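First the structure, in the form of structure tokens, and then the observations on it.
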Amino acid sequence: MAKKLRSLDHHTQVRLIPSYVLVVTWVIFTFVLIGWVFFASFSTSQEIFSDSMFKFESGFHFENYIRAWNTQKVSVYFMNSLMYTVVSCTSIILIASPAAYVLSRFKFRGNLSIQSLLASALGIPAIMIVMPLFSLVSRLRLTNNRWLLIFLYIAMNVPFTTFFLLAFFKSLSTTYEEAAYIDGCSPMGTFWRIMFPLVQPGIITVTVFNFITIWNEYFMSMIFANKPKVRPVSVGLFNMIQAMRYTGDWGGMFASVVIVFLPTFLLYIFLSERIIQGVTAGAIKG
Amino acid sequence: MKKKGMVVALLVLAVIVTPLFAGGSAEDAAGKKTVTYWSMWNEAEPQGLVMAEAAEAFEEETGIAVEIVFNGREIRKTLQPALDAGETIDIFDEDISRVNSTWGEYLLPLEEYVSKSYPTTGGESYSDAVSTALIDLARQAGGGTLKTAPYQPFAFVVMYNKDHFNKAGITETPKTWTEFENVCAKLVQAGITPITVDDAYMAAFFGYNMARLAGYERTLEMANNNEFNDPAVLEFGKIWSDFAKKGYISKKAASNIYPAGQIEEIAAGKVAMYLNGTWLPNEIKGNAPNFNWGAFAWPEMGPNGNGTEANNYGAQCFGINANSQVPDEAFQFIVYLTTGEWDSKLAKESLGVPMGKNSTWPKQTAEAKTIIDNTTTWMTWAAGMENLADVNAKIKENFSKLILGSLNAEQFYAAMNK
Amino acid sequence: MIIIFLTPAMICYLLVFLYPSIRTTIMSFFAVESVSDPISTWSFNGLENYRTLFNTAIFRQSMRNIANIWLVGGIGVMVTALFFAVSLTNGMKFSKFFRSVIYLPNVVSAIAMGTMWINYVYNSSYGLLHDIFATLGMTTLSETLWTGPDKLFWSMLVAYSFGMVGYHMLIFMASIEQIPKDYMEAAQIEGANVFQRFFHITLPFLRGCFRTNIVMWTVFTVAFFVWGQLFSPVNLSNATVAPMNYMYEIVFGSSASTTTVRDSGAGAAVGVIMMIIVIIAFSATNLIVKNDDVEL
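Chains as they are written, first to last, in my numbering: chain E, 480 to 765; chain U, 955 to 1372; chain A, 51 to 346.
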């Protein structure tokens, strides 16, 4: 209630004019940037690199999209990415949240060391770990195996997710656990039924991050999943762009970009509502 | 509680749905041989498209399956680790120098294979049916033994716009530096920018100039030792800062990020010349379908250096993995791609040169053939200036500044010697 | 219970981070050419790899570059992100919409974003900046070569930072939303204005959040790779090289030169140096920004 009152407050709105100006400029710039890609995807290569791009003298070239879709196996890549991302994201939460909870609440020997280890994992660039892994994986003949790829995605993102959720768990009051203990709830039950739901905003936010990270992840995918059947969109897009750079087909290249980016964009809009739900739900409970 | 239920439901769904997508690592059909080819091309490039078709036709004709993994140029990074780790790779391809020197230890010698005849070689042995010059080059690159099968030859020369030259009233291509300067002056008068470059080719540009000013041997020395205390470097600085002031070289050359030089300046018809490879027409045919191409060798620049007989040329080539389980089948596919019907198709679609013995170069790059024929000193890529990352980066930074005028010739020389 | 809860995460860590990191760290003290060479071919050479690195001009340049990215970019991004976060949680209308749009660049693949910046925004003849300045009549400014040698690094930094603001803004917002509303309401009732509320309530609550953001920013800076590749697509440039780009070149071989010299030992050394930087950042922020529990 108080929040609604505030936003209708005329005085506040006037105070916020500088904010509006900056935010709106930023937003317009973003639209222009992304809008340009849409325009380019309907143009010919010649038009893109000339003054006349927005005039569409030769009309809208929908065939760029058809070409991008046909010569590339965009649907296969898309389904692959979808599967990898969904499975990975759910698994990551199931693995990382218990760990984050335990690290944030319980004082035991090695707690801080484990936290430092996990944090250091964040600073280890993919290149560092990829090659020993690749040697190992090749010897085991597991290259181009979907489950291996999913396992890698999960393992790569668990440290960050744990670290992220740690801050959220830390900020929760201990009264909940005390109450649960009094009520006779087991520690594990307390976690799943009470603490876990309380960090919803954090979980939703970090899942969105993970989703996008895994969706756009291309380095590991390129090395471990190169065959078209298992390839995700990120590698597919990179290949398409490379190819089109060498063939000079810029219209087709931007069409590919749009095809690949549109689902993420739509998914993002859909998911961002969940963020807001989670956040306001947290506010109401508080 | 609802959340947890949803999570579980999603996971279950995923587990159920997954087997539908599984089977990524398919087993070969019983008894069928498969050749795995790691290609330097991208799926959508003309070469990629033609090869995919050829692979299908090959399988129909011979029953041998060909699996092509289109790496694109990333193959330069992904191949060796894969080979070292024992991944099944039978054929791979790339630039002739790279395959022979960098990947030389993985190659299966091919002398035996090329002395045989195949269905598409019309009774002759393979090496007789294809371009002798290229086979010789490949043999040379392999240190005396033929270890690779070349295709798609190229030369690194000045590619130019004949329409521009006509418009400016230029009737002959320049062979000496004075002639080159005159050509530039005439082009500027006609309102055309003479030459440009972008960050992918600056090192080659510099290398060629050094070879013309100080000789190829000395250039290699400079490049490999990162030592530029040669008067030729100062000379380069003077020439090009002068040219920049006169507008002979596009100001944008200082800021062009590949492929801006070839697309925004050459294809767009603003610039007349580009020191580049004969692959250029194929790369920008989408942007400039009716370009009137011509080629000439980089002119001689002084008495201490090489003249137009020193050039960089080469080819892409196929190599067979020494550990391949199916070398015969692999070479069969290579023959299939480089002779007969598929050879012509590959060349036609990519504005390349067929391997067939008496084949002609496409008109866009025909003049480059004469240059190769007259080349007596073979230069490596960029005359060696890309061998060290430090050197390459230095050249790009300082040459750009020279063009912009933020460095004069003396400062350029000093910066190159830091 | 602790053990059960921690085990899956630890298994992931051990297999995917600990084993490879240890192996790579060890590799950094040996002369190794190919990354998958068997251990028998490795020859011990102590700190030689590190010495080679610091004697390589382009590696030193890459370190300078990420230092600039971290400091200048970091300040720019954090200030902008915080400003947006506070604005959007302070009663702006359409805040949900704005939030989505500001975060959007982070969702789009870096490859796509980078291409937009290079081919559209920074194009010196037909680009956005050119058009804007030309319309404003500032012709010299409109002809600026944004990707020229002196500006390339800063152009890249701006493009990169633009995409990062949304991410850090979201982290700030998630934290701000967790500040108990009664504090804010009490302060308002007592007549505190926007600035007072910000400095005395919001900022202290955000301490933990700052720590997260600084560490994440350090991690991203250390892993800076794709943008460097986009702005110098074919080979390394002094203006855009980051340690990761350099490491990619020496471990896998140069993408342009046909006589590649691989040095996985030195590449491993680069990785170790990067790792140390992150550990320093984590420990430093741990000490400076104490993550005390907030008494509710």
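Where a beta carbon is used, it is the ideal one built from N, C-alpha and C, also for glycine.
Remember, predicted model here, so these are calculated numbers, not experimental data.
Would you list the residues sitting across from residue 80(A) in a DSSP beta bridge?
94(A)
What does residue 1093(U) reach in chain A if we use C-beta pairs closer than 7 Å?
Those within 7 Å of residue 1093(U) in chain A number zero; the least Cβ separation is about 17 Å.
Residue 1224(U) to residue 499(E), Cα distance in whole Å?
43 Å
According to the Cβ coordinates, are residue 1036(U) and residue 1022(U) closer than 7 Å?
no
Listed from N- to C-terminal order along the chain, which residues in the region 1141–1166 of chain U have their beta-carbon within a distance smaller than 8 Å of any beta-carbon of chain A?
Taking 8 Å as the Cβ-Cβ cut-off, the region 1141–1166 of chain U approaches chain A at 1153, 1154, 1157, given in chain order.
What in chain A is Cβ-close to residue 1212(U), meaning under 8 Å?
283, 284
Does chain E have any CB closer than 7 Å to the CB of residue 137(A)?
yes
Listing by chain order, which chain A residues have their CB less than 9 Å from the CB of residue 1329(U)?
Those do not exist, as residue 1329(U) stays about 17 Å from chain A at its closest Cβ, beyond 9 Å.
DSSP state of residue 51(A), grouped into three classes?
coil
How about residue 1326(U): is its Cβ closer than 6 Å to a heavy atom in the ligand MG?
Annotation note on the ligand MG: not contained in the displayed structure, which lists no ligands.
Tell me the DSSP secondary structure of residue 156(A) in three-state form.
helix
Can you tell me which of the three DSSP states residue 983(U) falls into?
For residue 983(U), the predicted model reports a pLDDT of 47, less than 50, meaning its position is unreliable; a value from the coordinates is still stated below. Correct three-state label for residue 983(U): coil.
With 7 Å as the limit, tell me which residues of the region 674–702 of chain E have their beta carbon closer than that to any beta carbon of chain A; keep them in chain order.
680, 681, 684, 691, 695
By Cβ distance, which residues of its chain are closer than 8 Å to residue 1295(U), with the 5 residues on each side in sequence left out?
1074
Does the beta-carbon of residue 236(A) have 16 or more other beta-carbons within 10 angstroms, so that it is buried, or is it exposed?
exposed
State whether the region 1308–1325 of chain U contacts the region 1101–1111 of chain U, with contact taken as three or more CB pairs (one from each stretch) at a distance under 8 Å.
The region 1308–1325 of chain U, when compared against the region 1101–1111 of chain U, does touch it at the 8 Å Cβ threshold.
Starting from residue 1182(U) and walking both ways along the beta strand (DSSP E), at which residues does that stretch end?
Taken as a continuous stretch (DSSP letters only), residue 1182(U) belongs to no beta strand (DSSP E), as it is neither H nor E.
Looking at C-beta atoms only, is the number of pairs between the region 622–631 of chain E and the region 639–649 of chain E that lie closer than 8 Å three or more?
Using a C-beta cut-off of 8 Å, the region 622–631 of chain E makes no contact with the region 639–649 of chain E, since fewer than three inter-stretch Cβ pairs fall below that distance.
Tell me, please, which residues DSSP counts as bridged to residue 1266(U).
1110(U)
The region 1029–1044 of chain U: which residues have C-beta closer than 7 Å to a C-beta of chain A, in chain order?
Result list: 1030, 1031, 1034, 1035, 1038, 1039.
Give the straight-line distance between the Cα atoms of residue 997(U) and residue 588(E), rounded to the nearest whole angstrom.
54 Å
So that I know if they touch, is there some Cβ in chain A lying closer than 7 Å to that of residue 975(U)?
Confidence in residue 975(U) is poor, its pLDDT being 46 and thus under 50, which makes the residue's placement unreliable; the coordinate value appears in the next sentence. Chain A, which has no Cβ nearer than 7 Å to the Cβ of residue 975(U), makes this no.
Three-state secondary structure (DSSP) at residue 1273(U)?
strand
Give the residues of chain A in contact with residue 626(E), contact being defined as C-beta atoms less than 9 Å apart.
In chain order: nothing, as chain A lies at least about 14 Å away.
Have a look at residue 714(E) and residue 159(A) and give me their C-alpha separation to the nearest angstrom.
Distance between residue 714(E) and residue 159(A), taken at the CA atoms: about 11 Å.
Mind pulling the chain E residues with CB within less than 7 Å of residue 59(A)?
By Cβ distance, chain E contributes 574, 575, 578, 637, 641.
Using a C-beta to C-beta distance shorter than 8 Å, which residues of chain U count as neighbours of residue 659(E)?
Near residue 659(E) there are no residues of chain U at all, since even the closest Cβ is about 15 Å away, more than 8 Å.
What residues match up with residue 1228(U) in a beta bridge as DSSP calls it?
For residue 1228(U), which the question treats as bridged, DSSP gives the partners 1113(U), 1150(U).
Considering only their Cβ atoms, is the gap separating residue 1043(U) from residue 992(U) smaller than 7 Å?
yes
According to DSSP, is residue 1119(U) part of a helix, a strand, or is it coil?
helix
Can you tell me which of 516(E), 618(E), 511(E), 493(E) puts its alpha carbon nearest to the alpha carbon of residue 730(E)?
516(E)
What's the C-alpha gap between residue 737(E) and residue 748(E)?
16 Å
Is residue 514(E) helix, strand or coil by DSSP?
In this structure, residue 514(E) counts as helix in the three-state DSSP scheme.
Helix, strand or coil: how does DSSP classify residue 1235(U) here?
helix
Against residue 1276(U), what residues of chain E qualify as contacts under a CB-to-CB distance less than 8 Å, listed in chain order?
Near residue 1276(U) there are no residues of chain E at all, since even the closest Cβ is about 17 Å away, more than 8 Å.
Hey, is residue 183(A)'s beta-carbon within less than 7 Å of any beta-carbon in chain U?
no
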